[in-house]
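Data block below; observations after.
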Amino acid sequence: MPSDSIFHNWSQLTKTIKYKKLNDHSISATSKPFKDVIFDTKTISKTDFLEILDKFVISSGEPKVDEKLTQLKEHSTFKLIPDSLRSSAIGVLQQWIIEKAIDDSNKWVINITDFNSDLQFSLLKFTKDHIPFPSIKEPGRDDADLTKGYKFIEKLNVISLKKNDLHQAFQDYVRSEEAYEEILKINPTLKDNIIIYEAEINSTIQTEKSAASYYLSDESFKDNSHIRKSQEVYFKCITNTHSEISGFNGTQKFFRNGRIQNINETTDFEWLYKETDL
Numbered sequence: 001m002p003s004d005s006i007f008h009n010w011s012q013l014t015k016t017i018k019y020k021k022l023n024d025h026s027i028s029a030t031s032k033p034f035k036d037v038i039f040d041t042k043t044i045s046k047t048d049f050l051e052i053l054d055k056f057v058i059s060s061g062e063p064k065v066d067e068k069l070t071q072l073k074e075h076s077t078f079k080l081i082p083d084s085l086r087s088s089a090i091g092v093l094q095q096w097i098i099e100k101a102i103d104d105s106n107k108w109v110i111n112i113t114d115f116n117s118d119l120q121f122s123l124l125k126f127t128k129d130h131i132p133f134p135s136i137k138e139p140g141r142d143d144a145d146l147t148k149g150y151k152f153i154e155k156l157n158v159i160s161l162k163k164n165d166l167h168q169a170f171q172d173y174v175r176s177e178e179a180y181e182e183i184l185k186i187n188p189t190l191k192d193n194i195i196i197y198e199a200e201i202n203s204t205i206q207t208e209k210s211a212a213s214y215y216l217s218d219e220s221f222k223d224n225s226h227i228r229k230s231q232e233v234y235f236k237c238i239t240n241t242h243s244e245i246s247g248f249n250g251t252q253k254f255f256r257n258g259r260i261q262n263i264n265e266t267t268d269f270e271w272l273y274k275e276t277d278l
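1 is the number of the first residue of the sequence shown in the UniProt record's numbering; add one for each residue after it.
Okay, here's the thing in structure tokens:
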């Protein structure tokens, strides 16, 4: 740290001197509002602020982020986890820590007892023979996504699905695509497992549609009941119990449903019955 910096020898200073240095330091107009908030005793008392400064230290010469990650992977906590899964395991812990800040934006507290308990539980699944399914957050909803020309959305529009169901279909599609990419990062050879999984899904939806067609007749296309039957088949396919991907633990339903949408996007399968289906 440069000798003319207010942070020079910072960690060796008393909390009182730290407070004075920060308070006396001139800053830019754009940063001043932040300083005003920090030194506003209505926001935080001087006593509490001093306690924070007493614990606030600056460590120089620390390893870079990539070096720190390498060190973390070699920590005894992760020794029982295969090398290919350690980054994913660390990511789960990072998410746990970050979510604590989201839960209460005014106070970021990590209880060591809770952390150790959740640590053991979260890492347990990484030490088993099966690979834990990647965690993918659900994206936000934007009506513009429904008008971007996706074939699977158009096929759902044809059977008169409500906007809420269209959004859910799009979210599942996006999440499944992201999960697919994460799976290939873990191990590219797992693509074969996904291909088999998708083939089973394709067979299932084809069978469900064919089975329901026996309840249709020529009259169904006159009173539009074929549309209702198409809707029934769709919802049955996305609500049926989903199976695990071979080699994985905890396969999520959104992935199965997202692959259903992918099949509609990339093949000529469609939910709407035609008279030729009779």
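Beta carbons: idealized from backbone N, C-alpha and C, even for Gly.
Spatial neighbours of residue i within its chain, please: C-beta separation below 7 Å, excluding the five flanking residues on both sides.
i: residue 178; result: 136
i: residue 201; result: 256, 259, 260 and 263
i: residue 226; result: 216, 220 and 273
i: residue 191; result: 184
i: residue 27; result: 35
i: residue 78; result: 86 and 89
i: residue 63; result: 71
Under the DSSP definition of a beta bridge, which residues are partnered with residue i?
i: residue 249; result: 132
Should residue i and residue j be called a contact, given that it needs their Cβ atoms to be closer than 7 Å?
i: residue 216; j: residue 278; result: yes
i: residue 30; j: residue 133; result: no
i: residue 236; j: residue 270; result: no
i: residue 21; j: residue 50; result: no
i: residue 145; j: residue 170; result: yes
i: residue 193; j: residue 245; result: yes
i: residue 126; j: residue 85; result: yes
i: residue 229; j: residue 242; result: no
i: residue 10; j: residue 58; result: yes
i: residue 249; j: residue 75; result: no
When you compare each of the options to residue i by their alpha carbons, which one comes out closest?
i: residue 262; options: 197, 231 and 248; result: 197
i: residue 273; options: 160, 203 and 16; result: 160
i: residue 268; options: 205, 85 and 54; result: 205
i: residue 189; options: 229, 238, 247 and 172; result: 247
i: residue 239; options: 172, 218, 157 and 119; result: 172
i: residue 123; options: 213, 82 and 104; result: 82
i: residue 56; options: 42, 19, 67 and 69; result: 19
i: residue 41; options: 58, 23 and 138; result: 23
i: residue 158; options: 234, 26, 58 and 174; result: 234
i: residue 110; options: 44, 4 and 93; result: 93
i: residue 115; options: 96, 105, 106 and 176; result: 96
i: residue 13; options: 154, 106 and 54; result: 54
Below 6 Å CB to CB, which residues in the same chain sit around residue i once its five sequence neighbours on both sides are set aside?
i: residue 152; result: 261, 264 and 265
i: residue 182; result: 134
i: residue 69; result: none
i: residue 25; result: 6
i: residue 91; result: none
Only counting the same chain, and skipping five residues up and downstream in sequence, which positions put a Cβ closer than 8 Å to that of residue i?
i: residue 48; result: none
i: residue 275; result: 218 and 221
i: residue 2; result: 8
i: residue 43; result: 37
i: residue 165; result: 156
i: residue 139; result: 171, 174 and 175
Quick check on residue i - is its C-beta less than 7 Å from some C-beta in chain B?
i: residue 7; result: The chain inventory of the structure shown lacks chain B, comprising one protein chain alone.
Problem set entry | Those runs of the alpha helix (DSSP H) which lie wholly inside the stretch 74 to 158 and span at least 4 residues | Runs of the alpha helix (DSSP H) inside the stretch 74 to 158: 83 to 103, 112 to 124 and 151 to 158.
Problem set entry | Whole runs of the alpha helix (DSSP H) within the stretch 8 to 64, excluding any shorter than 4 residues | Taken in chain order, the complete alpha helix (DSSP H) segments of 4 or more residues contained in the stretch 8 to 64 are 15 to 24, 32 to 38 and 46 to 55.
Problem set entry | Runs of alpha helix (DSSP H) lying entirely within the stretch 155 to 219, each at least 4 residues, in chain order | Within the stretch 155 to 219, the runs of alpha helix (DSSP H) at least 4 residues long that lie entirely inside it are, in chain order, 163 to 186 and 191 to 212.
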